[in-house]
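Protein chains: 2
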Amino acid sequence: MKKRNCLLGQSGGPTAVINSSYRGILDQVKKSADLDRIYAMRFGLQGLLAGKYFDLTEKSEKELELLQNTPSTVIGTSRYKIDHYDENEEDYIKFFNFLEEHQIAYVFYVGGNDSMDTVAKLTSYAEEKGIDVRIMGIPKTIDNDIVITDHCPGFGSAAKYIATSVMEIARDSRVYDLKNVHIIETMGRSSGWLAAASILAANEKLYAPDFIYLPEAVFSIDKFFADVEKKMKEQKAITVVVSEGIKDKNGEYISAGKSTAHDQFGHKKLGGAAYTLKPIIKENLCNRVKAIKFDVMQRAAAHCASGRDIVEAYQVGAEAVKAALAGETGKMTAIKRISNDPYQVEIIKVEAEKVANQVKLVPDKWINEDHNGVTEGFKDYVLPLIQGDIDMETENSLPVFSELETGQ
Amino acid sequence: MKKRNCLLGQSGGPTAVINSSYRGILDQVKKSADLDRIYAMRFGLQGLLAGKYFDLTEKSEKELELLQNTPSTVIGTSRYKIDHYDENEEDYIKFFNFLEEHQIAYVFYVGGNDSMDTVAKLTSYAEEKGIDVRIMGIPKTIDNDIVITDHCPGFGSAAKYIATSVMEIARDSRVYDLKNVHIIETMGRSSGWLAAASILAANEKLYAPDFIYLPEAVFSIDKFFADVEKKMKEQKAITVVVSEGIKDKNGEYISAGKSTAHDQFGHKKLGGAAYTLKPIIKENLCNRVKAIKFDVMQRAAAHCASGRDIVEAYQVGAEAVKAALAGETGKMTAIKRISNDPYQVEIIKVEAEKVANQVKLVPDKWINEDHNGVTEGFKDYVLPLIQGDIDMETENSLPVFSELETGQ
Chain A
1 MKKRNCLLGQ SGGPTAVINS SYRGILDQVK KSADLDRIYA MRFGLQGLLA
51 GKYFDLTEKS EKELELLQNT PSTVIGTSRY KIDHYDENEE DYIKFFNFLE
101 EHQIAYVFYV GGNDSMDTVA KLTSYAEEKG IDVRIMGIPK TIDNDIVITD
151 HCPGFGSAAK YIATSVMEIA RDSRVYDLKN VHIIETMGRS SGWLAAASIL
201 AANEKLYAPD FIYLPEAVFS IDKFFADVEK KMKEQKAITV VVSEGIKDKN
251 GEYISAGKST AHDQFGHKKL GGAAYTLKPI IKENLCNRVK AIKFDVMQRA
301 AAHCASGRDI VEAYQVGAEA VKAALAGETG KMTAIKRISN DPYQVEIIKV
351 EAEKVANQVK LVPDKWINED HNGVTEGFKD YVLPLIQGDI DMETENSLPV
401 FSELETGQ
Chain B
1001 MKKRNCLLGQ SGGPTAVINS SYRGILDQVK KSADLDRIYA MRFGLQGLLA
1051 GKYFDLTEKS EKELELLQNT PSTVIGTSRY KIDHYDENEE DYIKFFNFLE
1101 EHQIAYVFYV GGNDSMDTVA KLTSYAEEKG IDVRIMGIPK TIDNDIVITD
1151 HCPGFGSAAK YIATSVMEIA RDSRVYDLKN VHIIETMGRS SGWLAAASIL
1201 AANEKLYAPD FIYLPEAVFS IDKFFADVEK KMKEQKAITV VVSEGIKDKN
1251 GEYISAGKST AHDQFGHKKL GGAAYTLKPI IKENLCNRVK AIKFDVMQRA
1301 AAHCASGRDI VEAYQVGAEA VKAALAGETG KMTAIKRISN DPYQVEIIKV
1351 EAEKVANQVK LVPDKWINED HNGVTEGFKD YVLPLIQGDI DMETENSLPV
1401 FSELETGQ
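First to last, the protein sequences are chains A and B. Just so we're aligned: 27 in this note's numbering is position 27 of the first sequence, and the numbers increase by one with no gaps anywhere. In this note's numbering, each residue carries its 1-based index in the second sequence increased by 1000.
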């Protein structure tokens, strides 16, 4: 009998729309007469290798529908990197034994840069050993730092939450007739896509944030202070957005509090870049300073998700199944932007090994000359990604989420 | 000529629905043939006394419509307490001169406990001096701590944001197969209504938060640690919600980091109660601990407002105008709950001086015996307050806010 079962897994951090990718995969699997059962790794590859998995095949349509608007990941994840099989074959043997035992011929692995390394390695091993399996990667990350793909599912929703919240905070900051600075920190250790997306909050009625600092440009505390000081001569309320990963000229994270750019600016780490910068303004310029972190809300705020992001997350999942059925393996589905107006994309397939372990940074052309903001070109890039309303089921005005396995 | 003009002002912190109260006031003023112009204090009473005000009468219908879903306060606010006129009459003279100059006979003052003290004092002064003016207070505060009124406009929206976000965070916290604790801090210096509202996030599918600590009960770090430690024997992910104002048995704020309940638990203030508690868990129980603050988002998140809250905020504004026209003065509009199912309320008027400077705490009956959660009775109280969708105008999938004067 030909093997007809599938395995689904995730690796890396959650987003608001990963579950929508699962739904795309599950729907497509159910549509295919060539496919039968679908198993899920419980807590990623690490969980599977420890014997943790479950069967998604019989889950109710209702639960699967709810996936569309459920944040996080209902199957769980891990951050587990496998060695190359030349160094350590154990995981590979265990993994492919599991596939054999469960008659699995299709693997769908949702993740970011590191996860595509896993896809590439597993595929390469299977080919070398002549194992009949097709392994497809599906992109996800709020960080938006996967190469080749125009953007990553998860990013649009985080961008929408950030832009919406910055709009609200900027208005909140203007209620008193007092000078004040709000320093808002987004996620983004290596790349500044999320911080950059806050530019969408600025419009002609109220232009905020005033400054955006990305890890792609060297961050100078002196320059930051000068920027804010100068702006405060023009207006009372100043909104700054920083990426958690901003670094000084020595490559030290500002959040580490070691930057020696200015003697009086020596502060210990208090939980991030914004908290490190807060006392610098507070002690030297203006008493009212708030450090605000969007924390996990930015990746979990399904109630503020981008409708388009949900749809695209679904598509990269569904297309991965189609590609696998068509014989492709070792690839990742990716989004290619055909045009911006009207916004049109195409789902393409790229070699997982070309994506593996790369990081896509915000390009220079989209960072302004002063290194304290982004350009109109970036705005044109990001605006289409947050479009579209969501259709979230609610009960008593609160979201109804899928609870496949989250109860622990 | 009879004086026919009105003055609008605000005092204290913003909410997501104060602007809806303004709209209620403005609509009602425009409906009345007895009323003419409406002025607004720019940045509250303090601003007005410094000569800052503007005329709202000619603002476009469009801008006024947008008020309904605009957070913050478009006219600005201040935290200014006036002395009793026996001690210092200067502010009173200035204030009533302004009314006289602008032919103002009606004053509408939106605020909390302190603001109602101002309403009471101004009214008392006017009566003593025989000044023909009617002064009405309109309640607002996310803290929900105004006495007599069943609840306060602004609270329902903050409660909805908190419940929604805690649901999302709780799911995010369950993605890894690792023990972890999320300590989420809400606003609420004196009262725990906001922290308590997080109970709405808990349902039979996923019961989180696990613990809620309010300022109304003495907070013991040892007890807190024991609660979390015990729960961790049953499950991996633990969600805790604390009010920023939790205090130890000596009345010291936990956020001050001075609590000496346990020798090893001596930590400096790192920006709030959650940040103070984080290392206690991290160093003694479990390495993965997150301190999350909802910060100003909880009072500014208009995108997640309660439809009912918006309507009620409008009503307490509109009813204040009607009451003033009917001859009432020195009162605050308040909400009286007639029934819970179906939810029915009535807008009543209460003496401002009965409300002034009081603080309504979460009653004992709604705090559980262990002092680490709230009761079903509280849930019945708060659930109706978050109901109702909002109808927010958007452009490019982002909110369109009224920008009356926020540009500074």
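By construction, the Cβ of each residue, glycine as well, lies at the ideal position given by its N, Cα and C atoms. Quantities reported herein were computed from a predicted structural model and do not represent experimental measurements.
Contacting residues, own chain, Cβ-Cβ under 8 Å from B:K1002 (five flanking each side not counted): A1105
Reduced DSSP secondary structure (H/G/I, E/B, other) of A:R337: strand
From A:N5, A:Y92, A:V316, residue whose alpha carbon lies closest to that of A:A33: A:N5
Three-state secondary structure (DSSP) of B:G1188: coil
Three or more C-beta pairs below 8 Å linking the segment 142-155 of chain A and the segment 373-380 of chain A: no
For B:A1302 and B:P1014, believed in contact at Cβ under 8 Å, the rounded distance: Contact flag wrong, Cβ pair sits at about 11 Å.
Stretch-stretch touch, CB-based, cutoff 8 Å, three pairs: the segment 1183-1202 of chain B with the segment 1291-1298 of chain B: yes
CB contact check: A:G47 to chain C, cutoff 7 Å: Of the chains in the structure shown, none is chain C; the protein chains are A and B.
Closer than 7 Å to chain B by CB, A:E168: yes
Cβ-Cβ distance between B:V1316 and B:V1029 below 7 Å: no
Residues near B:L1385 by beta carbon distance below 7 Å, same chain, minus five either side: H1151, F1155, G1156, A1159, S1306, R1308, D1309
One or two residues paired with B:V1374 in a DSSP bridge: B:I1367
CB contact flag (B:L1049, B:D1117, <7 Å): no
Cβ pair A:V107, A:L7 closer than 7 Å: yes
Amino acids of chain A, ordered along the chain, whose beta-carbon sits closer than 8 Å to that of B:D967: Nothing about residue 967 of chain B can be read from this structure; chain B reaches only from 1001 to 1408.
Contact with chain A by B:T1186, beta-carbon distance below 7 Å: no
A:Q315 - DSSP class collapsed to helix/strand/coil: helix
Residue interval of the alpha helix (DSSP H) (run including A:S165): 155-172
is_contact[A:R189, chain B] using C-beta, thresh 7 Å: no
Assigned secondary structure, A:I148 (DSSP; H/G/I helix, E/B strand, else coil): coil
Neighbour-count burial assignment, B:T1333, 16 or more Cβ in a 10 Å radius: buried
Host beta strand (DSSP E) of A:R134 (start-end): 134-139
Residues that DSSP places opposite A:Y109 in a beta bridge: A:G9, A:G137
Interface flag, A:K205 vs chain B, CB-CB below 7 Å: yes
Residues near A:E353 by beta carbon distance below 6 Å, same chain, minus five either side: A120
Bridge-paired residues (DSSP) for A:K290: A:H182
From A:L285, A:N113, A:E127, A:G9, residue whose alpha carbon lies closest to that of A:F225: A:L285
7 Å Cβ shell around A:Y343 - same chain, five flanking residues per side excluded: P384
Same chain, Cβ closer than 6 Å to B:Q1046, five either side skipped, listed in chain order: S1078, Y1080
CA-to-CA distance, A:K349 to B:R1288, given in whole angstroms: 37 Å
Validate contact between the segment 59-75 of chain A and the segment 12-27 of chain A using beta carbons, cut 8 Å, 3 pairs: yes
Sub-7 Å separation of B:E1351 and B:K1331 beta-carbons: yes
Same chain only: Cβ atoms within 6 Å of B:E1395, ignoring 5 sequence neighbours per side: none
Where B:L1398 falls: helix, strand or coil (DSSP): strand
Any C-beta of chain A under 7 Å from that of B:Y1022: no
Integer Cβ distance of B:V1241 from B:I1184, believed to fall under 8 Å: 5 Å
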